[in-house]
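Heads up: the sequence lines are chains F and A, in that order.
So the number in this note's numbering is just where the residue sits in the first sequence, counting from 1, plus 13.
So the number in this note's numbering is just where the residue sits in the second sequence, counting from 1, plus 61.
No residue lacks a Cβ here, since even glycine has one placed at the ideal position from N, Cα and C.
Given the structure is predicted, the values throughout are model-derived calculations rather than measurements.
Just below is one structure, and these are the notes that go with it.
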Amino acid sequence: MSILVNKNTKVICQGITGSAGAFHTKQCLEYGTKMVGGVTPGKGGQTDPNGLPIFDTVAQAVRQTGADATMIFVPPPYAAEAIMEAADAGIATIVAITEGIPVLDMVKVNAFLKDRPNSVLIGPNCPGIITPGECKIGIMPGYIHTPARKAKSKKKVGIISRSGTLTYEAVWQCSTRDIGQTTCVGIGGDPIKGLNFIELLGMFNKDRATDGIIVIGEIGGSDEEAAARYVQENVKKPVVAFIAGRTAPPGRRMGHAGAIISGGEGSAESKIAALRQAGIAVAESPATIGQTMAQALGIAAEVAA
Amino acid sequence: MKIHEYQARQILSENGIPIPPAQVVRTVDEAAAAFGQFGGQMCVVKAQVYAGGRGKAGFVKLVHNEAEAREAAQFMLTHRMTSYQTGPEGVPVSVLIVAPGVQIAKEYYLGMTIDRSRQTITLIASSEGGVEIEEVAKKSPEKVLKIPFHPLIGLQSYQARDVAIQLGFEGKQANEAAKLMMNLAKVFISTDASLAEINPLVVTTDGKLLAIDAKINFDDNALFRHPNIEAMADESQERPLDVRAKKANLNYIALDGSIGCLVNGAGLAMSTMDIIKLHGAEPANFLDVGGGVTAEGAIEAFKIILSDTKVKGILVNIFGGIAKCDLIAEALVKAGREVGFKVPVVVRLEGTNVTRAREILKAAQGELPTLIPATDLTDAAKKVVAAVA
């Protein structure tokens, strides 16, 4: 079991003829993702180097391939429209990898998506989503993950993260401890985005295969505080968290547009306190996320501190 | 992106927001002339800097005669301004504004920003103006109004009128205040602002509404559609290393510690700073080289880190995904050859092609003696902290 995507998910790539889109389409195919085509306006009728059909519009791609997920690499000025196009074509899982979409464009996208409840957006500015061994939609390295059925410890976790490489770090720490992953979702580093911690915590909570959940947050906003309240009231599975940015000075943008502390809101301390108050184990160090999860799951943890 | 107050005033004024007269000056003589032009009445001289705290730093001065205007301008144009926001090195001042004094009856606050939890634009207003809105929000949250509005439908007049009335405006003044809010919303949306603030908005003793001080920040991601705004950027207000890094497409922020960091990914970069602190030292910078790091990018990154004389050691932390570890290791060696590693450089690599990467680093060990390999993140942090102790 998993959330959102699995071995049956049919995926297209919007921006398939760009360098990033082409490269990652190939990577996803090699991982085993059921890639069924791509979209680049003006290049409909052609095929990509892997033999995948290219369409002019997402609607056309959906009609002809039955795609239900999309991976978006469209450049920032056109990315918001690409998301709306996918939702309008009935794509259920929209994964926007593009970094640098204007904030007001995303505000409009989210207003637009409110009227399309059958579509969910992951990202933008994110590594994507992966159900290990079944479906990889995004730029994460596939081999660091452990499919749920191959987990020697028999334990499987779901991962929700605002950061890319830090997610890989957490995945790697789980995999080296024989903890499998049901699904890993990078929700992205932007202030205005699609799915957030709460929606995904709800999905992982319902997913029977998921034994525990890792939440990776960072400074900025108050989403982690909201997630903490949600976990306290709704989630019965072990939840482990890590918050990046304890040493970040206030008011400076730390790479991610969302990672800025302003007006006393969004500090790492406030988030860690809220998470701990909700009974969530917060890893002190980015190097002990896997170990903290292993302890929370009650399995013999090899201590590599 | 930030702009100066005089530029923000200009944008507001072009959009129908009442701004009191002022002269932008760049020399002492121009300041004196501006004072004379306003008929010898009391004026305020304000330094144009991005950083806050200029009042306390002596860079906002009331002047009553030409001599005082000259003196204030002379001081501001020949001193760097330091405040709690600038660090000890301060920022240079090259532009001032001279504005006639205004007889203030009452001060208000008006602001607009993106409310992340509501996922839309929000108008913020308060009858407590002229002070930091964060302070008002802390002490008396009931005095801060927050009105979210739809990004496509925009702020509606009825919403603005209601805010004006809640702020205590009456009659014709309420209509004027509402119109001003509508215009501020127009500015916010049409320029892709991330923050637009009028603080204070004042009512003068003769009943006029005026925006006295203005601040607008813009969404960096949207600058591609606002070349006129991008052209307003004043590099002198940013730290030189930050500017240099931006040109090399590196995400760099200088900090005060002794351990330089070179990391791929913003979240991992922040965590690397955190783990350095956890093991008892302080990071000298935040640096995210991004996913597609090249040898040239890595070399420039090392040059930037090493040009900070506080740096006594460097921690390289790369989790190779799409960026392959062996390519990064080669870039590191090339950077070492070109830049010369004068301080210990602890390298932690994990991910795609890591075995090959470790071989490359091992082979370069003799050539680059200060290169210290680490097995994992904790090991790396301990080693670099020990190396600078």
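Mind listing the chain F neighbours of Ile-182/A? Cutoff is C-beta to C-beta under 7 angstroms, in chain order. Under the 7 angstroms cutoff, chain F gives Val-120.
Alpha carbon of Ala-93/F to alpha carbon of Leu-310/F, nearest angstrom: Roughly 40 angstroms between the two C-alpha positions.
Is the number of C-beta pairs between the region 31-45 of chain F and the region 55-73 of chain F that are closer than 8 angstroms three or more? Touching, yes.
Inter-residue CB distance, Ala-74/F and Val-52/F (contact presumed, cutoff 8 angstroms): With 8 angstroms as the limit, Ala-74/F and Val-52/F qualify as a contact, their Cβ atoms being about 5 angstroms apart.
Under 8 angstroms from the C-beta of Ala-283/A: neighbouring residues of chain F: For Ala-283/A, the C-beta contacts it makes with chain F under 8 angstroms involve Pro-115, Val-116, Leu-117 and Asp-118, in order along the chain.
With three or more beta-carbon pairs closer than 8 angstroms as the criterion, would you say the region 291-305 of chain F touches the region 244-255 of chain A? Verdict: no, contact absent.
Considering only the alpha carbon of each residue, which of Pro-212/A, Ala-239/A, Gly-172/A and Leu-213/A lies closest to Glu-195/A? Nearest to Glu-195/A by alpha-carbon distance, out of Pro-212/A, Ala-239/A, Gly-172/A and Leu-213/A, is Gly-172/A.
Identify the contact partners of Gly-234/F in chain A, using a Cβ-Cβ distance below 9 angstroms as the criterion. Within 9 angstroms Cβ-Cβ: Arg-177 and Ser-178.
Whose C-alpha, out of Gln-245/F, Ala-239/F, Glu-231/F and Glu-147/F, is nearest the C-alpha of Ile-256/F? Per the Cα distances, Glu-231/F.
Which one of Val-110/A, Val-156/A, Glu-75/A and Ile-78/A has the shortest CA to CA distance from Glu-91/A? Cα-wise, what sits closest to Glu-91/A is Val-156/A.
What do you get for Ile-274/F, buried or exposed, if any count of 16 or more other CB atoms within 10 angstroms of its CB means buried? For Ile-274/F, the predicted model reports a pLDDT of 49, less than 50, meaning its position is unreliable; a value from the coordinates is still stated below. With at least 16 other beta carbons inside 10 angstroms of its own, Ile-274/F counts as buried.
Out of curiosity, what's the CA-to-CA distance linking Ala-318/F and Ile-302/F? A caution first: Ala-318/F carries a pLDDT of 43, below 50, which makes its placement in the model unreliable, though a value can still be read off. Going from the Cα of Ala-318/F to the Cα of Ile-302/F covers about 11 angstroms.
What are the residues in the region 306-319 of chain A lying within 9 angstroms of chain D by C-beta distance? The structure shown contains no chain D; its protein chains are F and A.
Does the beta carbon of Asn-247/F come closer than 8 angstroms to any beta carbon on chain A? It does not; no Cβ of chain A falls within 8 angstroms.
How long is the line joining the alpha carbons of Gly-148/A and Thr-174/A, rounded to whole angstroms? Taking the straight line from one Cα to the other gives about 26 angstroms.
Anyone know if the C-beta pair for Thr-333/A and Leu-376/A falls short of 8 angstroms? Result yes, Cβ atoms of Thr-333/A and Leu-376/A sit closer than 8 angstroms.
Whole-angstrom distance between Thr-180/F and Val-404/A, CA atom to CA atom: Rounded to whole angstroms, Val-404/A and Thr-180/F show a C-alpha spacing of 30 angstroms.
Look at the alpha carbon of Ile-226/F and the alpha carbon of Lys-169/F, and state the distance between them as a whole number of angstroms. If I take the Cα positions, the gap works out to 9 angstroms.
Beta-carbon contacts of Ile-200/F that lie in its chain and below 8 angstroms, excluding the five residues immediately before and after: So the list reads Ile-135, Gly-136, Cys-139, Ile-173, Ser-174, Arg-175, Lys-206, Gly-207, Leu-208, Asn-209, Phe-210 and Leu-213, once near-sequence residues are dropped.
With Phe-249/A as the anchor, note down where its alpha helix (DSSP H) starts and where it stops. For Phe-249/A, the enclosing alpha helix (DSSP H) begins and ends at 232-252.
DSSP has Val-407/A in a bridge; who is on the other side? Paired residues: Leu-376/A and Ile-433/A.
Locate the beta strand (DSSP E) running through Asp-349/A, then write down its first and last residues. First-last of the beta strand (DSSP E) with Asp-349/A: 346-349.
When you check each C-beta in the region 331-352 of chain A against every C-beta of chain F, which residues fall closer than 8 angstroms? Here the close residues are Met-331, Ser-332, Thr-333, Met-334, Asp-335, Ile-336, Ile-337, Lys-338, Leu-339, Glu-343, Pro-344, Phe-347, Asp-349 and Gly-352.
Could you tell me if His-125/A is buried or exposed, where buried requires 16 or more neighbouring beta carbons within 10 angstroms of its beta carbon? Answer is exposed; the Cβ neighbour count stays below 16.
Using the C-alpha atoms, what's the distance from Phe-96/A back to Ser-32/F? Spanning the two alpha carbons is a distance of roughly 58 angstroms.
Which runs of the alpha helix (DSSP H) spanning at least 4 residues fall entirely within the region 178-244 of chain F, listed in chain order? Listed in chain order, they are 178-188 and 210-219.
Who are the Cβ neighbours of Tyr-145/A in its own chain at under 6 angstroms, not counting the five residues just before and after it? For Tyr-145/A, where only same-chain residues beyond five positions count, the Cβ hits under 6 angstroms are Gly-114.
Where DSSP assigns a beta bridge to Ile-173/F, which residues make up the other side? Ile-173/F pairs with Val-198/F and Val-228/F.
Quick check: what's the CA-CA separation for Met-103/A versus Thr-265/A? Straight across, the Cα-Cα distance linking Met-103/A with Thr-265/A is about 15 angstroms.
Helix or strand or just coil, what does DSSP make of Val-192/A? Val-192/A: coil per DSSP, three-state reduction.
Between which two residues does the alpha helix (DSSP H) harbouring Val-85/A extend? Run containing Val-85/A: none in the alpha helix (DSSP H); it sits in the beta strand (DSSP E), 84-86.
Mind checking if Asn-325/A is an interface residue toward chain F, Cβ cutoff 8 angstroms exclusive? Yes, its Cβ sits closer than 8 angstroms to a Cβ of chain F.
Since I believe Ile-143/F is in contact with Gly-151/F (beta carbons under 8 angstroms), could you give me their beta-carbon distance rounded to a whole number of angstroms? Indeed they touch by this definition, with Cβ atoms about 7 angstroms apart.
For Leu-262/A versus Ala-246/A, is the C-beta distance shorter than 8 angstroms? Their beta carbons are not under 8 angstroms apart, which means Leu-262/A does not touch Ala-246/A by this criterion.
If you run the structure through DSSP and keep just helix, strand and coil, what is Val-304/A? Helix, per DSSP.
Residue of Thr-260/F, Arg-190/F and Ile-67/F minimising C-alpha distance to Thr-305/F: Nearest option by C-alpha distance: Arg-190/F.
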